[in-house]
Amino acid sequence: MYDLLKEWESIDSELRELRRSRADWNYIRSLPQKIREAVEVYIETGDLWISAKIAGMTEDEFNEIRIRAGILW
Amino acid sequence: MGFIPEITLREIITEKPLKMVRDLVTDGWLTAYPHSRELEEEAMRLILDLRKDPRIPRIDPPEATCVVLARRFGLAVLTENRGIIRAYRLFEDRFHPAVVLNSLRLLAHIFVRGLAGETSFSDLINEYERDSSHSFSLLEVRTVAREFGIEKA
Chain A
1 MYDLLKEWES
11 IDSELRELRR
21 SRADWNYIRS
31 LPQKIREAVE
41 VYIETGDLWI
51 SAKIAGMTED
61 EFNEIRIRAG
71 ILW
Chain H
1001 MGFIPEITLR
1011 EIITEKPLKM
1021 VRDLVTDGWL
1031 TAYPHSRELE
1041 EEAMRLILDL
1051 RKDPRIPRID
1061 PPEATCVVLA
1071 RRFGLAVLTE
1081 NRGIIRAYRL
1091 FEDRFHPAVV
1101 LNSLRLLAHI
1111 FVRGLAGETS
1121 FSDLINEYER
1131 DSSHSFSLLE
1141 VRTVAREFGI
1151 EKA
């Protein structure tokens, strides 16, 4: 069980770092504040639904923003 | 035949996913499952119950609703929600008879059964990543490849 939890922690950490480092921050900074905050939530958590709801969008709409921001993880 | 709960269907509004839903519906593979208060309450109970375990990340209402339906009808749930995926790994019996897969594990099933045209698992993954603009964790790819006995990921 400990190994499984360590593996999950490593996967979360790997993906969070990729989202942070590969994101197009110029694009993100150009977004309206509400959407920018939601993108930052996504970068930190990887959770699409709650990020979309913070942005006031559907998951599908927010997914387009995610792709435009260069966040593929 | 698969079901897409109304709450999940409402999240789909852009061209490419809508076209996919349209094609699946017109070909007879997919139908919408109507929302109800009773379904919502069961999904919320699942969310709150699993939230008590700190090892399980947040589970969202659309995913929880899919699990509730899959448990009722013995179906497979396809989701990228880490909470559902991890809860399933920890408490598979509580999901029975539902089966939960993320796209990486679904690709592995397709590959090991010889249903993909690609000659390597990595080619299949690369094609999916290009198509979906979603990339997998390298660590998870290696783990899943090992799990499915795919030597060269």
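Line by line, the protein sequences give chains A and H.
Note that the first sequence covers residues 1 to 73 in our numbering.
Note that the second sequence covers residues 1001 to 1153 in our numbering.
From the three backbone atoms N, C-alpha and C, an ideal C-beta is built for every residue, glycine too.
Under 7 Å by beta carbon: chain H residues contacting LEU15 (chain A): SER1137
Do ALA1076 (chain H) and LEU1050 (chain H) have their CB atoms nearer than 8 Å? no
In this structure, how does DSSP classify GLY1149 (chain H) when only helix, strand and coil are distinguished? coil
Would you list, in sequence order, the uninterrupted alpha helix (DSSP H) runs of no fewer than 4 residues that lie entirely inside the stretch 20–44 of chain A? 25–30
So for THR1065 (chain H), helix, strand or coil by DSSP? helix
LEU1039 (chain H) lies in the alpha helix (DSSP H); which residues open and close that run? 1037–1051
The stretch 1099–1113 of chain H contacting the stretch 1132–1152 of chain H, beta-carbon criterion three pairs below 8 Å: yes
Under 8 Å, Cβ to Cβ, is there at least one residue of chain A near SER1103 (chain H)? no
Does the stretch 54–64 of chain A come close enough to the stretch 1006–1022 of chain H that 3 or more CB-CB pairs lie under 8 Å? yes
Is PRO1004 (chain H) helix, strand or coil by DSSP? The question names Pro, yet the displayed sequence has Ile at residue 1004 (chain H). Three-state result, ILE1004 (chain H): strand.
Rank H:ILE1059, H:HIS1134, H:ALA1070 by C-alpha distance to the C-alpha of ILE984 (chain H) and give the top, closest one. Within the shown structure, residues of chain H are numbered from 1001 to 1153, placing residue 984 (chain H) beyond reach of any answer.
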